[in-house]
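These notes concern the structure reproduced below.
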Amino acid sequence: MIGMGAMIGAGIFVLTGLAAEIAGPAAILVFALNGVVTAFTGLSYAELAASIPKSGGGYAFVREVFADLPSYLMGWMLWFAYMIAGALYALGFAPNFLELLHVYGIVPPPEAVGAISLPVVDAALPATFLLAFLAVLGLVSLNAVSTAASGSLETVFTIVKVSILVVFVAFGATAPMFSTAEFQPLFPAEGGALAILPAMGLTFIAFEGYDLITTVTEEVENPRENIPKAIFVSLAATVVVYLAVVTVAVGTLGAQGLAEAGEAGIAQAATSFMPTGLPIIQNGGAIIVFGAVFSTLTALNAVVIASSRVAFSMGREGQLLPSFGQIHHRYGTPFVAIVASAVVMLGSVVLPTQSAGNMSSLFFLLSFIVVNGSVIKLRRERPDMNRPYEMPFYPAPPVIGIVLNLVLTLVLVEFLVRTDPLALALSAAWIGLGVVTYFGLNRLRTEPDAAEGTAAGDEQVPLEDD
Amino acid sequence: MGSKLDVIIAGGGRVGFETATILDDRGHDVTVVERDQARADAVSDEYVATVISGDASNPSILEQAGVEDADAIAGLTGLAGLNLAVCMEAKDMAPDIRTVARIDTRAKESYTRFVDQVLFPELAGARTAANEIIGSDVETLADLTGTLDIMQIRVAEGAPAAGRQLSEIRFPAGTLVVSDDDGDRIARPDTTLDAGKRYVVAVEPDVADEVMNLMRG
Chain R
89 MIGMGAMIGA
99 GIFVLTGLAA
109 EIAGPAAILV
119 FALNGVVTAF
129 TGLSYAELAA
139 SIPKSGGGYA
149 FVREVFADLP
159 SYLMGWMLWF
169 AYMIAGALYA
179 LGFAPNFLEL
189 LHVYGIVPPP
199 EAVGAISLPV
209 VDAALPATFL
219 LAFLAVLGLV
229 SLNAVSTAAS
239 GSLETVFTIV
249 KVSILVVFVA
259 FGATAPMFST
269 AEFQPLFPAE
279 GGALAILPAM
289 GLTFIAFEGY
299 DLITTVTEEV
309 ENPRENIPKA
319 IFVSLAATVV
329 VYLAVVTVAV
339 GTLGAQGLAE
349 AGEAGIAQAA
359 TSFMPTGLPI
369 IQNGGAIIVF
379 GAVFSTLTAL
389 NAVVIASSRV
399 AFSMGREGQL
409 LPSFGQIHHR
419 YGTPFVAIVA
429 SAVVMLGSVV
439 LPTQSAGNMS
449 SLFFLLSFIV
459 VNGSVIKLRR
469 ERPDMNRPYE
479 MPFYPAPPVI
489 GIVLNLVLTL
499 VLVEFLVRTD
509 PLALALSAAW
519 IGLGVVTYFG
529 LNRLRTEPDA
539 AEGTAAGDEQ
549 VPLEDD
Chain W
3 MGSKLDVIIA
13 GGGRVGFETA
23 TILDDRGHDV
33 TVVERDQARA
43 DAVSDEYVAT
53 VISGDASNPS
63 ILEQAGVEDA
73 DAIAGLTGLA
83 GLNLAVCMEA
93 KDMAPDIRTV
103 ARIDTRAKES
113 YTRFVDQVLF
123 PELAGARTAA
133 NEIIGSDVET
143 LADLTGTLDI
153 MQIRVAEGAP
163 AAGRQLSEIR
173 FPAGTLVVSD
183 DDGDRIARPD
193 TTLDAGKRYV
203 VAVEPDVADE
213 VMNLMRG
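Protein chains in written order, with our numbering: chain R, 89 to 554; chain W, 3 to 219.
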């Protein structure tokens, strides 16, 4: 459920508008094709998750198969992907929240809300940025000091989200605007059918949920059946929900309108056709807008947990400073991992939403390639490993998965070179920083080791890293 | 070698499987090598360890189990000779690995030339059986009937709980620190967990991992 929560979560609300901007009405196709591409990776995840009983997601699997540096980079990339996804959700939360306030007439329409001046620092900040910042800060503090609030409510959240989306689709499909909907031309004038490729890259992040599912597998019963099932059911459900929602959104607001609304696309589409003048909630659109706010927040919560888990696993494996892999003595949470993730998230809410989406998608694409690769490597190197779930038609799925993900990566990189060199530079910088950190940590580790000698004992093994 | 160990267990029978379960509860990575396919599937279903189906004395199987990077290997099959062979092979392939072999006699000493540690599960079992037969109202630590673990844990240098008072530390529910250091007194809220000292702690298996993290880093 946690995976589906994140998948259905914010991607749909935040990215629909952006996808429509690039691909026009073909945004529908974008989500469908992405579903197909990720299905191959889903097979790989299912096989790995069923045979390697570790929580920790893609990083844990790759760690099992690859040498230190590749697995380190995998964790490093995945960690970043989640953190940037966090920023993305925070950025998606802000305009939707403003739209919610707008629906109730508290503030003017989102585009009219300029900057909120801060009396203390005597500077003006964009309201959306401020809201995104606050959202991250709030959820991070919550997760840093308590484990109770995180995770357990996900199921309820997901049900709420799906119901809201069902209401949206039901109303939208019967709205008068939809019956006269115009899906032609399907593809945007410039670029034609190929224009959907960059949009696929951008929205790929919406399917990150696999990794989330496999980060929590330790709690699963009868994993042989349930993990593959969880992966495929959530994939299918996500694709169906996405298609329905995107179709309705494009049909009612039009691709043009969606694109203009950007991150709040779905919310504005809803406001346009939901009945108004209802008691209490006044405006049917408010439900959807509320759904968008709610979804972005819960997705944000999920990736705060996920990113800190990756950092926590890396710390425990000795691939980051050991303090990352420790539970705080007072709060009972992986405090250092959460705080470190928060710093990057807070730093990245200054990015434009689209850059955040691009970077996060890029890193998920890269890590999915590695995951597919590790299935192949594992089959070759450990043919006798017990695999409770074996994917059909091996080795076709992982190979196809690698090729498709690679194509999307290349398209996305090419697209970034043209339109968003900043995101590309930041991504490269992050990987560079990772390599530097890796060798720095290694040096740090080997020095005390040499002095210590070989003090091996049953319980008194000294921590090599401090 | 960090606080999280990578352990290979040869033999997924009763002894091997129970050992794997306990190690998994405490947050270690376990790989079980099991020759019998049906048994291997059963262990897989319990989801406590990665399972390699094959003969652990076969070097290529040991390689697949990741002997190069493992911290420890335990030969826990019912065959003492096989256990010794597996351990010695592993030592040859990875000289730093810690080896533990299950044997079938009380003559421990003669084996320790070849492996780091030997165990004789039947002796432990017999002790338990004797205690049960006598039916004493007072039982020793090893004879807990439930799943509760009572352990003596040495606090590691730099662990999150090291140097903190008990009242400052949030242990997960299902944990009880029983003794003061060196076991002279019962722990109190102001008891400090000093690095290098040992404490008796009772934990439920679900939270053993977290307790280990707090006390061992």
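Cβ coordinates follow ideal geometry from the N, Cα and C atoms, glycine included.
Margin query: Would G522 of chain R and M288 of chain R qualify as a contact pair, given that the criterion is a beta-carbon distance under 9 Å?
Written below: No, they are not a contact pair.
Notebook entry, point to check: From R49 of chain R to A161 of chain W, what distance separates their C-alpha atoms?
Noted result: This structure leaves residue 49 of chain R out entirely; chain R is present only between 89 and 554.
Check: For the alpha helix (DSSP H) that I488 of chain R lies in, which residues bound it at each end?
Finding: Looking at the DSSP string, the run of the alpha helix (DSSP H) that includes I488 of chain R is A484 to T507.
Note to self: My output table needs one value for A387 of chain R: the three-state DSSP class, helix, strand or coil.
What the structure shows: Looking at A387 of chain R - three-state DSSP - the assignment turns out to be helix.
Next item on the list: Give a single yes or no on whether R418 of chain R has its beta carbon closer than 8 Å to a heavy atom of the ligand SAM.
Entry: Ligands in the displayed structure: none, and consequently the ligand SAM is not present.
Note to self: Less than 7 Å between C-beta atoms, sequence neighbours within five positions excluded: which residues of the same chain meet that for V71 of chain W?
What the structure shows: Reading off the sequence, residue 71 of chain W comes out as Asp, not Val. Taken in chain order, the residues that qualify are D8.
Item checked: G435 of chain R classed as buried or exposed, judged by whether at least 16 other C-beta atoms fall within 10 angstroms -> Exposed: under 16 other Cβ atoms inside 10 Å.
Next item on the list: Determine, using beta carbons only, whether N530 of chain R comes closer than 9 Å to chain W.
Entry: Judged by the 9 Å Cβ criterion, N530 of chain R is not in contact with chain W.
Next item on the list: Would you mind reading off the limits of the alpha helix (DSSP H) that contains D192 of chain W?
Entry: For D192 of chain W, there is no enclosing alpha helix (DSSP H), as DSSP marks it with neither H nor E.
Margin query: Please identify, using Cβ separations under 9 Å, the residues of the segment 453 to 480 of chain R that lie next to chain W, in order along the chain.
Written below: Residues E469, R470, P471, D472, M473, N474, R475 and P476.
Note to self: Let me check one thing: in DSSP terms, what residues is I152 of chain W bridge-paired to?
What the structure shows: Its beta-bridge partners are W:A204.
Next item on the list: Report the option in R:A223, R:L189 and R:L500 whose CA atom is closest to the CA atom of T384 of chain R.
Entry: Taking only the C-alpha atoms, the option nearest T384 of chain R is R:A223.
Notebook entry, point to check: From the beta carbon of T52 of chain W, is the nearest beta carbon of chain R less than 9 Å away?
Noted result: With 9 Å as the cut-off, T52 of chain W counts as an interface residue toward chain R.
Note to self: By the DSSP assignment, the alpha helix (DSSP H) with G127 of chain W in it spans what residues?
What the structure shows: Per DSSP, G127 of chain W belongs to the alpha helix (DSSP H) from P123 to I136.
Next item on the list: For G146 of chain R, count neighbouring C-beta atoms within 10 Å of its own C-beta (all shown protein chains included) and say buried if the count is 16 or more, exposed if not.
Entry: With 16 or more other Cβ atoms within 10 Å, it is buried.
Item checked: 9 Å Cβ cutoff, P61 of chain W in contact with chain R -> When Cβ-Cβ separations below 9 Å define contact, P61 of chain W makes no contact with chain R.
Check: What residues match up with M473 of chain R in a beta bridge as DSSP calls it?
Finding: According to DSSP, which records beta bridges pairwise, M473 of chain R is partnered with W:I54.
Notebook entry, point to check: Mind checking if E20 of chain W is an interface residue toward chain R, Cβ cutoff 9 Å exclusive?
Noted result: No, because no Cβ of chain R sits closer than 9 Å to the Cβ of E20 of chain W.
Check: V9 of chain W lies in the beta strand (DSSP E); which residues open and close that run?
Finding: It spans D8 to A12 - the beta strand (DSSP E) in which V9 of chain W sits, taken as one unbroken run.
Item checked: Those residues which DSSP pairs with T177 of chain W across a bridge -> Note: T177 of chain W sits in a beta bridge opposite W:V205.
Item checked: E135 of chain R, DSSP secondary structure in three states -> In the structure shown, E135 of chain R sits in a helix (DSSP, three-state: H, G or I).
Next item on the list: Report yes if the C-beta distance between V459 of chain R and L161 of chain R is below 9 Å; otherwise report no.
Entry: In this structure, V459 of chain R lies away from L161 of chain R, with their beta-carbon atoms at least 9 Å apart.
Note to self: My output table needs one value for D31 of chain W: the three-state DSSP class, helix, strand or coil.
What the structure shows: If DSSP states are grouped into helix, strand and coil, D31 of chain W belongs with the strands.
Notebook entry, point to check: DSSP three-state call for G202 of chain R: helix, strand or coil?
Noted result: Confidence is the limiting factor: at G202 of chain R the pLDDT is only 42, short of 50, which leaves the residue's position unreliable, though a coordinate-based value still follows. When secondary structure is reduced to three states using DSSP, G202 of chain R falls in the coil class, being assigned neither helix nor strand.
Next item on the list: Could you check the C-alpha separation between Y477 of chain R and N314 of chain R for me, to the nearest Å?
Entry: One Cα belongs to Y477 of chain R, the other to N314 of chain R, and the distance between them is close to 10 Å.
Note to self: V157 of chain W and L195 of chain W - do their beta-carbons sit closer together than 9 Å?
What the structure shows: It is a contact, given that the beta carbons lie within the stated cut-off.
Next item on the list: Identify, in the order they occur along the chain, each residue of the same chain with its Cβ nearer than 6 Å to the Cβ of G13 of chain W, setting aside the five sequence neighbours on each side.
Entry: Closer than 6 Å at the Cβ level, and outside the excluded window around G13 of chain W, lie L78 and T79.
Check: Are the beta-carbon atoms of F149 of chain R and P485 of chain R separated by less than 9 Å?
Finding: The answer is no: Cβ separation not under 9 Å.
Notebook entry, point to check: Would a C-beta distance cut-off of 9 Å place V338 of chain R and I110 of chain R closer than the cut-off?
Noted result: A distance of 9 Å or more separates the beta carbons of V338 of chain R and I110 of chain R.
Item checked: Where the segment 396 to 426 of chain R meets chain W: residues whose CB sits under 8 Å from a CB there -> Those residues of the segment 396 to 426 of chain R placed with their C-beta closer than 8 Å to a C-beta in chain W are R404, E405, G406, P410, G413, Q414, I415, H416, H417, R418, Y419 and G420, ordered along the chain.
Note to self: Pop quiz: G130 of chain R and F292 of chain R are said to be a contact at Cβ under 8 Å. What is the actual Cβ separation, rounded to whole angstroms?
What the structure shows: G130 of chain R to F292 of chain R, Cβ: 13 Å. No contact.
Note to self: Across the segment 171 to 183 of chain R and the segment 490 to 506 of chain R, are there enough close Cβ pairs to call them in contact, namely three or more that are closer than 8 Å?
What the structure shows: Verdict: no, contact absent.
Check: Do P422 of chain R and A134 of chain R have their C-beta atoms within less than 9 Å of each other?
Finding: Going by C-beta atoms, P422 of chain R is not nearer than 9 Å to A134 of chain R.
Check: Helix or strand or just coil, what does DSSP make of G403 of chain R?
Finding: Of the three classes helix, strand and coil, the one that applies to G403 of chain R here is helix, per DSSP.
Note to self: What does the alpha-carbon distance come out to for the pair N85 of chain W and Q414 of chain R?
What the structure shows: Distance from the CA of N85 of chain W to the CA of Q414 of chain R, rounded to the nearest whole angstrom, comes to 35 Å.
Notebook entry, point to check: Quick one, which of R:Y177, R:V432, R:I284 and R:R470 has its alpha-carbon nearest T66 of chain W's?
Noted result: Reading off the sequence, residue 66 of chain W comes out as Gln, not Thr. When each option's Cα is compared against that of Q66 of chain W, the closest is R:R470.
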